[in-house]
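Participant: Each residue of the sequence shown is one higher than the one before, starting from 174 at the first, in this note's numbering. Idealized CB from N, CA, C, for every residue including glycine. In this text the structure is predicted, and so the values were computed from the model without any measurement. Pasting in a structure now, in structure tokens, and then I'll have a few things to ask.
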Amino acid sequence: MKKYCITLLGMLLVSSLAIASPRIIITKATLIDGINPDRPNMTMILDGDKIVSIADSQQPFSQRSSDKIIDAENKFIIPGLWDAHVP
């Protein structure tokens with residue numbers, strides 16, 4: 174019985190550990206938000222499903238070894254366009 178309790182406790186501890194997903198860093202993109210003028214050469218940092226930072230690509234940012242870097246030169250970041258036809 175004691176072995177089973179220790180095993181169960183160990184399984185619970187291991188399963189509760191969160192595995193950190195790598196950040197996604199999109200650099201050199203043109204940001205279009207539909208309200209302000211287009212902002213070229215921007216860097217956007219995504220952590221999970223959240224936008225953590227938006228800044229000019231000239232500004233330095235801290236980079237982790239697990240980060241995924243996407244070079245978006247000559248590409249655009251725009252808001253999602255789903256349900257655009259719904260009144």
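May I ask which residues mark the beginning and end of the beta strand (DSSP E) holding residue 228?
Facilitator: Looking at the DSSP string, the run of the beta strand (DSSP E) that includes residue 228 is 223-229.
Participant: Going by DSSP, name the residue or residues bridged to residue 249.
Facilitator: Residue 249 pairs with 203.
Participant: Are there three or more Cβ pairs, one per stretch, closer than 8 Å when the region 230-238 is compared with the region 249-260?
Facilitator: The region 230-238 is not in contact with the region 249-260.
Participant: When we look at the beta-carbon of residue 228 and count the other beta-carbons within 10 Å, is it buried (16 or more) or exposed?
Facilitator: Under this definition residue 228 is an exposed residue.
Participant: Is the Cβ-Cβ distance between residue 199 and residue 250 less than 8 Å?
Facilitator: Yes, Cβ-Cβ distance for residue 199 and residue 250 is below 8 Å.
Participant: Out of 247, 215 and 225, state which residue places its alpha-carbon closest to the alpha-carbon of residue 195.
Facilitator: Of the listed residues, the one whose Cα sits closest to residue 195 is 225.
Participant: Going by the CB atoms, is the gap between residue 243 and residue 197 shorter than 8 Å?
Facilitator: Going by C-beta atoms, residue 197 is nearer than 8 Å to residue 243.
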